[in-house]
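**Q** First, the structure itself, so that you have it in front of you.
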Amino acid sequence: MMNLRILRALLVKEVTLMRRNPLIPKIILVMPLMVMLIIPLVANLDVSRVEVCVTDNDRSQDSRRIIADISASETLAVSAICGTRVEAMQKIERGEADVLLTIPAGFSKDMVTGEARADIEANGVNATKGMLGARYLSEAVTDAIARLRASEGTETTMPKVSVVNRYNPTLDFRNYMIPALMVVLLIIICGFLPALNLVSEKEEGTIEAINVTPVGRLTFVLSKLIPFWAAGLLVVTVGMLVGWLVYGLVPAGSIAAIYLAAILFSLVMSGLGVAIANSSSTMLQSIFVMFAIIMVFQLMSGLFTPIRSMPAWAQAATYAIPPRSFIEIMRSVYLKATPVSELWMQYTHLLFFAATLSAIAALTYRKQS
Numbered sequence: 009m010m011n012l013r014i015l016r017a018l019l020v021k022e023v024t025l026m027r028r029n030p031l032i033p034k035i036i037l038v039m040p041l042m043v044m045l046i047i048p049l050v051a052n053l054d055v056s057r058v059e060v061c062v063t064d065n066d067r068s069q070d071s072r073r074i075i076a077d078i079s080a081s082e083t084l085a086v087s088a089i090c091g092t093r094v095e096a097m098q099k100i101e102r103g104e105a106d107v108l109l110t111i112p113a114g115f116s117k118d119m120v121t122g123e124a125r126a127d128i129e130a131n132g133v134n135a136t137k138g139m140l141g142a143r144y145l146s147e148a149v150t151d152a153i154a155r156l157r158a159s160e161g162t163e164t165t166m167p168k169v170s171v172v173n174r175y176n177p178t179l180d181f182r183n184y185m186i187p188a189l190m191v192v193l194l195i196i197i198c199g200f201l202p203a204l205n206l207v208s209e210k211e212e213g214t215i216e217a218i219n220v221t222p223v224g225r226l227t228f229v230l231s232k233l234i235p236f237w238a239a240g241l242l243v244v245t246v247g248m249l250v251g252w253l254v255y256g257l258v259p260a261g262s263i264a265a266i267y268l269a270a271i272l273f274s275l276v277m278s279g280l281g282v283a284i285a286n287s288s289s290t291m292l293q294s295i296f297v298m299f300a301i302i303m304v305f306q307l308m309s310g311l312f313t314p315i316r317s318m319p320a321w322a323q324a325a326t327y328a329i330p331p332r333s334f335i336e337i338m339r340s341v342y343l344k345a346t347p348v349s350e351l352w353m354q355y356t357h358l359l360f361f362a363a364t365l366s367a368i369a370a371l372t373y374r375k376q377s
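Going by our numbering, the sequence shown wraps up at 377, each residue one higher than the last.
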């Protein structure tokens, strides 16, 4: 049976060692601030300025007005007006323009008959910016033609479309990114640090002093993990505060649902960290293994790349990635106020991984090698 008095003494020892460690307190306090302040600013997929290169073969007053209207757009900027398509493509190839607009000869005459057509080519190297830039430019050219025809007394019937952005009215990518960034914090605090802590004791030989005592495996492992579980909840709290104070983003749903998901994911990562530490004899081994796992978690969990954009086999493989469920819970609670009852599948998924990895960690830990 677990002796609570011994567990309390070991916890006091672990907290004291953590406070004396020159690195761990800084990671726990500084890393949440760095992640929540810097990554939402640099990891941003919003398209705010699209560079447009124009080839005007019509050289009419109407084509010049269209170019002026494009220049006045908030999201489009005419970076160059080229005489030939070859010259324009050179700018695309050098990365000086994102979209190429070609206005053909006789464009103003074709506007009278309603057969005017402009060609738009997007730079597909940056697929997101090219796709959105081409759409923005197409809408800008259509609006400019409609205004020209209206000024000439020609009625243009345009369909009326009402657009409402649900859950993220401003379409700010930070609102989509900030809730998911907490997965990075918990992976480091509750997975990476406990693994390094256990392996460092192996290298220093201090773990042998514990192994020859009557302290049980469960008591010893809990004394190692509980401080990091508390630190994980602390960094989640700091992350929510930074999201509120700096970006004005507050959870639309229950904060208790967020903490419940954080607790389950902390158990998942701590179980994984202990299992890796149990099979590692040096700190370098555990670092390499954890780094490889963290890379897979970040790339396949939907943190940066939408899961629906992945191939079918990769979408199926993401169900074996615990951060997927945590990220889905965080985004749903933050942006859509989804209750726990509707996220039971994701919570069950995390609970399954927590139980499985904790069992593996307990079975692979040996007091004697």
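For each residue, glycine too, the CB sits at the ideal point set by N, CA and C. None of the values given here were measured: they were computed from a predicted structure.
Give a yes or no on contact between the region 105-118 and the region 183-198, applying the rule of three or more CB pairs nearer than 8 angstroms.
**A** Contact fails: fewer than three Cβ-Cβ distances are below 8 angstroms.
**Q** Compute the Euclidean distance between the alpha carbons of residue 365 and residue 344, then round it to the nearest angstrom.
**A** If you take the alpha carbons of residue 365 and residue 344, they lie about 30 angstroms apart.
**Q** Of all the alpha helix (DSSP H) runs that stay within the bounds of the region 270-310, which reach a length of 4 or more residues?
**A** List check, alpha helix (DSSP H) in window: 291-308.
**Q** For the candidate residues 234, 240 and 191, whose alpha-carbon lies nearest to that of residue 304?
**A** For the residues 234, 240 and 191, the minimum Cα distance to residue 304 belongs to 191.
**Q** Would you please state the rounded distance, in angstroms, between the beta carbons of residue 15 and residue 231? I believe it to be under 8 angstroms.
**A** 6 angstroms between Cβ atoms; contact.
**Q** What residue range is occupied by the uninterrupted beta strand (DSSP E) comprising residue 108?
**A** Start and end: 107-111.
**Q** Would you give the residue range spanned by the alpha helix (DSSP H) that residue 123 belongs to?
**A** Where residue 123 is concerned, there is no enclosing alpha helix (DSSP H), given that its DSSP letter is neither H nor E.
**Q** Can the beta-carbon of residue 250 be found closer than 8 angstroms to that of residue 37?
**A** The answer is no: Cβ separation not under 8 angstroms.
**Q** Count the other CB atoms, across all protein chains shown, that sit within 10 Å of the CB of residue 137; report buried if there are 16 or more and exposed otherwise.
**A** Classification of residue 137: buried, given that the 10 Å Cβ count is 16 or more.
**Q** Could you check the C-alpha separation between residue 127 and residue 308 for me, to the nearest Å?
**A** In a straight line, the C-alpha of residue 127 is about 37 angstroms away from that of residue 308.
**Q** Grab me the residues of residue 302's own chain with a C-beta within less than 7 angstroms of its C-beta, minus the 5 sequence neighbours each way, in chain order.
**A** Contacts found: 195.
**Q** Determine the extent of the alpha helix (DSSP H) in which residue 130 is found, giving its start and end residues.
**A** Segment 127-130 is the beta strand (DSSP E) holding residue 130; no alpha helix (DSSP H) there.
**Q** Spatial neighbours of residue 372 within its chain, please: CB distance less than 7 angstroms, with the 5 preceding and 5 following residues excluded, ordered by chain position.
**A** 283, 286 and 287.
**Q** In this structure, does DSSP put residue 260 in helix, strand or coil?
**A** Of the three classes helix, strand and coil, the one that applies to residue 260 here is coil, per DSSP.
**Q** For the alpha helix (DSSP H) containing residue 17, name the first residue and the last one.
**A** Where residue 17 is concerned, the enclosing alpha helix (DSSP H) stretches over 12-28.
**Q** Indicate the three-state DSSP secondary structure (helix, strand or coil) for residue 66 in the structure shown.
**A** Coil.
**Q** State the Cα-Cα distance for the pair residue 95 and residue 119, rounded to the nearest angstrom.
**A** Cα to Cα, the separation comes out at about 26 angstroms.
**Q** For residue 75, count the other beta carbons within 10 Å of its own beta carbon; 16 or more makes it buried, fewer makes it exposed. Which is it?
**A** Buried, because 16 or more other Cβ atoms sit within 10 Å of the Cβ of residue 75.
**Q** State the Cα-Cα distance for the pair residue 278 and residue 216, rounded to the nearest angstrom.
**A** Between residue 278 and residue 216, the C-alpha separation is close to 22 angstroms.
**Q** To the nearest angstrom, how far is it from the Cα of residue 150 to the Cα of residue 144?
**A** So the two alpha carbons sit approximately 10 angstroms from each other.
**Q** Among residues of its own chain, excluding the 5 on either side of residue 23, which ones have a beta-carbon nearer than 6 angstroms to its beta-carbon?
**A** Excluding residues within five positions, the ones whose Cβ falls inside 6 angstroms are 235.
**Q** What three-state label does DSSP hand residue 86 in the structure shown?
**A** Residue 86: strand per DSSP, three-state reduction.
**Q** From residue 167 to residue 59, what distance separates their C-alpha atoms?
**A** Confidence at residue 167 is low in this model, with a pLDDT of 46, below 50, so the placement of that residue should be treated as unreliable; the coordinate-derived value is given next. Straight-line Cα distance between these residues: approximately 28 angstroms.
**Q** Can the beta-carbon of residue 315 be found less than 8 angstroms from the beta-carbon of residue 326?
**A** In this structure, residue 326 lies closer than 8 angstroms to residue 315 by Cβ.
**Q** What three-state label does DSSP hand residue 211 in the structure shown?
**A** Here residue 211 sits in helix by DSSP.
**Q** What is the rounded straight-line gap between the Cα of residue 56 and the Cα of residue 103?
**A** Roughly 16 angstroms between the two C-alpha positions.
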